[in-house]
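Residue numbering for the sequence shown follows the numbering used here, beginning at 262 and increasing consecutively.
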Amino acid sequence: MIRRYFSKAFSNSGWSVSQEERGGEKPLDEILSSYFKTTRAFDTASENHTALLAWQKVIGENERNHTVGAFVGKAKFKQAPKLVIYVDSNALRIDLMAKRDVYVQRLATVGMEFSSIDFKLSKYKKKQIQQDSYIQKRQKKSYHVRSEESLTLKEKEQIASIVKTLPEALRETGYKAILASFLHKEDK
């Protein structure tokens with residue numbers, strides 16, 4: 262309906278616009294991708310994201326669990342840019358600082374050239390960020406304690422066989438602990 266209105270408005274005003282003049286019929290994804298290629302609106306975000314992905318690729322599991330974010334600084338004096346990695350643990354930050362030259366070389370193997378890497382302590386913990394982004398309702402677990410008489414013969418035999426393996430000094434307290442474990446059941 263809108264197209265008909267505008268085509269009538271243009272035809273009544275003496276204007277005529279052909280499909281070639283309008284640019285033809287293009288899909289929306291093509292129009293948006295050409296827009297973002299020509300504008301520099303997301304260049305820094307994509308640089309940071311690309312650097313973070315490369316960093317995740319060259320590090321170990323422990324470092325990956327504590328990495329919060331990455332920032333690519335501007336290049337100075339015809340040098341490669343500086344990479345800043347934010348971590349949530351000061352102990353890990355100190356360990357990473359000791360091996361920063363190794364990480365510069367590892368990043369070079371995946372095509373990311375940086376003059377240096379700096380590690381900074383993030384204000385936020387990675388777990389806190391994940392919890393903030395996903396609001397989770399914790400389910401309260403409910404438990405009930407059975408009476409000792411409700412144990413089956415098989416369960417009593419299991420308890421006795423476990424207690425027999427314990428040293429003599431630990432049998433009484435071990436029996437109480439194992440019995441409590443059998444009596445304390447989680448509701449599902």
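Cβ coordinates follow ideal geometry from the N, Cα and C atoms, glycine included.
Backbone secondary structure at residue i - three-state DSSP
i, result
"D290", "helix"
"Y385", "coil"
Opening and closing residue of the alpha helix (DSSP H) in which residue i lies
i, result
"F332", "No alpha helix (DSSP H) contains F332, which is instead part of the beta strand (DSSP E) from T328 to V333."
"T434", "R432 to L444"
"I420", "L414 to T426"
Own chain, CB closer than 7 Å to residue i, minus 5 neighbours either side, in chain order
i, result
"V424", "R432, G435, Y436 and I439"
"E429", "none"
Contact under 7 Å by Cβ, residue i with residue j
i, j, result
"D349", "K386", "yes"
"V371", "Y347", "no"
"A331", "L313", "yes"
Cut-off 6 Å between Cβ atoms - residues of its own chain near residue i, not counting five sequence neighbours on either side
i, result
"L427", "G435"
"A341", "E374, F375 and S376"
"I320", "none"
"I396", "Any reading at I396 needs caution, since the residue's pLDDT is 48, under 50, leaving its predicted position unreliable; the model's value is listed next. Nothing listed; no residue qualifies."
Could you give the uninterrupted runs of the beta strand (DSSP E) lying entirely in the stretch 330-377, keeping only those of 3 residues or more? Scanning the stretch 330-377 from its first residue to its last, the whole beta strand (DSSP E) runs of 3-plus residues come out as 343-348.
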